[in-house]
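Enquirer: Our numbering runs 5 ahead of the 1-based position in the sequence shown.
Following this message is one structure expressed as structure tokens.
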Amino acid sequence: MKAEIISVGTELLLGHTVNTDAAYVARELSALGIDLLFSCTVGDNPARLREALQTAFARSDLVITTGGLGPTGDDLTKETVAQAAGVELVRDPASATRIEEYFRGREYGPSQYKQADLPRGCTVLQNDAGTAPGCVFESRQGVLVLMLPGPPSELLPMLHHYAAPFLAARTGGVIASRMVRVFGIGEGSAAERLADLLES
């Protein structure tokens, strides 16, 4: 399975936030035996995100987005992904109920409910640390699409508890890698000494 990560958020491009999400997802994909071939970062701009998605849908089997699932006006990942994937967004009753329970006793408005609008027929990934659920669905191009929230405190539990088991049921491999730590010699000398290992 060929995978691609699209990280969404202008704050990532401005350097205000370090993109740890891509590293977390990449490690999980490797453990599942899924080949991550591409990773890119796009700002909160629907046109540029749509362009990135069109490219990803043409070359990858699995496209994972991180970020842009929240209630604010610049959280446009779901809407843009759904449009590019050719699916309709519909209100998920269970997610709407979870939002109501989360905000019980506090003020909240219609913008919060936007988070419960998900692609029709998707598998909903519960957010145990926030209000924006993730989801998995198949695009009209036949590509598996996984959408995850941006905050690491929300992404990590969702990735480990829900997304990874979902993907594990669809792949049976692992990716083997080796890490060698050296001390006191330069990179070139280490590479020469490890040449036989690197070729095996």
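Ideal Cβ placement from N, Cα and C applies to all residues, glycine included.
These numbers come from a predicted model, not from an experiment.
With 16 as the cutoff for other CB atoms within 10 Å, does glutamine 120 come out buried or exposed?
Expert: With 16 or more Cβ atoms within 10 Å of its Cβ, glutamine 120 is classed as buried.
Enquirer: With a 10 Å radius around its C-beta and 16 neighbouring C-beta atoms as the bar for buried, classify isoleucine 190 as buried or exposed.
Expert: Exposed.
Enquirer: Got a sec? Which residues, its chain only, sit under 8 Å from threonine 77 by beta carbon, not counting five neighbours each side?
Expert: Closer than 8 Å at the Cβ level, and outside the excluded window around threonine 77, lie Ser116.
Enquirer: Applying the criterion that 16 or more other CB atoms from any shown protein chain within 10 Å of the CB defines a buried residue, is arginine 198 buried or exposed?
Expert: Classification of arginine 198: exposed, given that the 10 Å Cβ count is below 16.
Enquirer: When we look at the beta-carbon of serine 194 and count the other beta-carbons within 10 Å, is it buried (16 or more) or exposed?
Expert: Exposed.
Enquirer: Can you tell me which of Glu112, Ala137, Phe188 and Cys45 puts its alpha carbon nearest to the alpha carbon of isoleucine 218?
Expert: In this structure the chain extends from 6 to 205, so residue 218 is not present and cannot be described.
Enquirer: In chain order, what residues of the same chain have a beta carbon less than 8 Å from the beta carbon of arginine 145, not counting five sequence neighbours either side?
Expert: Cβ neighbours of arginine 145 beyond the five flanking positions: Ala90, Gly91 and Val92.
Enquirer: Does the pairing of the region 158-167 with the region 47-60 give three or more beta-carbon distances under 8 Å?
Expert: Touching, no.
Enquirer: Alanine 101 to valine 86, Cα distance in whole Å?
Expert: Using only the alpha carbons, I get a separation of about 20 Å.
Enquirer: Which of the three DSSP states, helix, strand or coil, is assigned to leucine 19?
Expert: Coil.
Enquirer: Between the alpha carbons of leucine 42 and isoleucine 11, how many angstroms are there, rounded?
Expert: Each residue's Cα considered, the two are about 12 Å apart.
Enquirer: Taking 7 Å as the limit between beta carbons, can you name the residues of its chain near serine 158, skipping five residues before and five after?
Expert: Excluding residues within five positions, the ones whose Cβ falls inside 7 Å are Ala134.
Enquirer: Please tell me whether leucine 94 and aspartate 66 are closer than 8 Å, where the distance is taken between their beta carbons.
Expert: No. Outside cutoff.
Enquirer: Return the residue from the list Glu143, Thr136, Val148 and Phe142 that minimises the CA-CA distance to glycine 75.
Expert: The residue with the shortest Cα to Cα distance from glycine 75 is Thr136.
Enquirer: In angstroms with no decimal places, state the Cα-to-Cα distance between alanine 63 and phenylalanine 188.
Expert: Cα to Cα, alanine 63 sits roughly 44 Å from phenylalanine 188.
Enquirer: So is glutamate 112 buried or exposed if we call it buried at 16+ other beta carbons inside 10 Å?
Expert: Exposed: under 16 other Cβ atoms inside 10 Å.
Enquirer: Sort out for me which residues DSSP pairs arginine 96 with in a bridge.
Expert: Arginine 96 is bridged to Asp122.
Enquirer: Looking at the unbroken alpha helix (DSSP H) that takes in valine 30, where does it start and where does it end?
Expert: Element bounds for valine 30: 25-36.
Enquirer: Could you round the C-beta distance between glycine 72 and threonine 60 to whole angstroms and report it? I think they count as a contact, below 8 Å.
Expert: About 18 Å; that fails the 8 Å criterion.
Enquirer: Near proline 170, which residues of its chain fall below 7 Å by C-beta distance, leaving aside the five closest residues on each side in sequence?
Expert: So no residue of the chain qualifies.
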